[in-house]
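Trainee: Residue 171 in the numbering used here is what sits at position 74 of the sequence shown, and the numbering runs on without skipping anything. In this text, a Cβ means the ideal position worked out from N, Cα and C, and glycines have one as well.
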Amino acid sequence: MNLMVKWSGSRSKRFNLGEMILKKIIKQYELLFIVVTIILIADQVTKGIVRNNIPFGEQWMPVEWLAPYFRFVNWNNTGAAFGLFQNGGPVFGIMAVIVSGFIIYYFPQVPRENKWMRIALAMQMAGALGNLIDRLRFGPVTDFISIGNFAVFNVADSSITVGVGILILAMWMEERKEKLRAQEEAQVSEESDAIEKQT
Numbered sequence: 098m099n100l101m102v103k104w105s106g107s108r109s110k111r112f113n114l115g116e117m118i119l120k121k122i123i124k125q126y127e128l129l130f131i132v133v134t135i136i137l138i139a140d141q142v143t144k145g146i147v148r149n150n151i152p153f154g155e156q157w158m159p160v161e162w163l164a165p166y167f168r169f170v171n172w173n174n175t176g177a178a179f180g181l182f183q184n185g186g187p188v189f190g191i192m193a194v195i196v197s198g199f200i201i202y203y204f205p206q207v208p209r210e211n212k213w214m215r216i217a218l219a220m221q222m223a224g225a226l227g228n229l230i231d232r233l234r235f236g237p238v239t240d241f242i243s244i245g246n247f248a249v250f251n252v253a254d255s256s257i258t259v260g261v262g263i264l265i266l267a268m269w270m271e272e273r274k275e276k277l278r279a280q281e282e283a284q285v286s287e288e289s290d291a292i293e294k295q296t
């Protein structure tokens with residue numbers, strides 16, 4: 098009887114510990130999961146629509162007069178975002194895994210109040226995974242957004258680019274805050290020293 102009570106209590110403690118760990122993980126990665134899921138769904142759904150409705154190499158113009166500036170095409174990309182470094186698919190696939198692993202490791206270390214930096218990291222991971230899924234399923238990545246003479250791209254490419262832009266801006270803002278904080282602390286210290294000298 099006592100053994101059963103002890104075993105039951107030990108099992109309950111393990112369950113509570115597991116539940117606490119799970120809650121902590123969810124809390125740490127909640128924003129990452131939400132952003133990555135939304136962008137991945139948008140990326141894969143739009144690529145699927147293009148593959149199923151626009152023949153490869155063809156284009157579709159939703160509005161005729163926008164044709165020189167904006168159109169949808171069905172194009173394969175064997176390189177990086179925006180058609181750079183063609184035929185480097187396997188290398189970029191490995192890089193996507195490494196980048197995603199780094200973001201998963203680093204994400205909990207970013208302060209929760211620094212939301213924009215966390216969103217930026219999530220956007221980069223979503224973009225990397227979106228194109229990785231294409232490489233694993235089809236080989237090349239499906240690109241379909243064509244603006245003017247600019248390279249053809251997709252939702253994942255946009256997510257990576259915007260994520261990098263937000264990350265740079267967030268880091269600059271954080272650095273600026275640190276400098277202002279240091280200046281304020283130095284000013285307070287100088288004022289304190291001046292008061293002490295007067296007394």
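Write down the C-beta distance between Gln141 and Ile230 rounded to the nearest angstrom, noting that I regard them as a contact closer than 8 Å.
Mentor: Indeed, because the Cβ distance is near 7 Å, the residues count as touching under 8 Å.
Trainee: Do Phe189 and Ile242 count as a contact pair if the criterion is CB distance below 8 Å?
Mentor: No, these two residues do not count as a Cβ contact at 8 Å.
Trainee: Who are the near neighbours of Lys120 in its chain, counting only those whose CB is closer than 7 Å to its CB and skipping five residues on each side?
Mentor: Cβ neighbours of Lys120 beyond the five flanking positions: none.
Trainee: In the DSSP assignment, the beta strand (DSSP E) including Phe235 goes from what residue to what residue?
Mentor: Run containing Phe235: none in the beta strand (DSSP E); it sits in the alpha helix (DSSP H), 212-235.
Trainee: Under a three-way DSSP split, which group does Arg209 fall into?
Mentor: DSSP places Arg209 in coil when its eight states are reduced to three.
Trainee: Under the assumption that Phe153 contacts Asn171 (Cβ atoms under 8 Å), give the Cβ distance between them as a whole number of angstroms.
Mentor: Yes, Phe153 and Asn171 are in contact; Cβ-Cβ is about 5 Å, under 8 Å.
Trainee: Please classify Thr134: is it buried, with 16 or more other beta-carbons within 10 angstroms of its beta-carbon, or exposed?
Mentor: Exposed, because fewer than 16 other Cβ atoms sit within 10 Å of the Cβ of Thr134.
Trainee: Give me the residue from Leu129, Lys274, Gly224 with the minimum Cα distance to Asp254.
Mentor: Ranking the options by Cα distance to Asp254, first place goes to Gly224.
Trainee: So, using beta-carbon positions, are Val261 and Gln221 closer together than 8 Å?
Mentor: Yes, the Cβ-Cβ distance between Val261 and Gln221 is below 8 Å.
Trainee: Is Val160 buried or exposed, if buried means 16 or more other CB atoms sit within 10 Å of its CB?
Mentor: Exposed is the call here.
Trainee: Trp162 to Ile138, Cα distance in whole Å?
Mentor: So the two alpha carbons sit approximately 30 Å from each other.
Trainee: Quick one: give me the first and last residue of the beta strand (DSSP E) that Asn173 is part of.
Mentor: It spans 167-174 - the beta strand (DSSP E) in which Asn173 sits, taken as one unbroken run.
Trainee: Helix, strand or coil: which one does DSSP assign to Ala151?
Mentor: For the sequence presented, residue 151 should be read as Ile rather than Ala. Ile151: coil per DSSP, three-state reduction.
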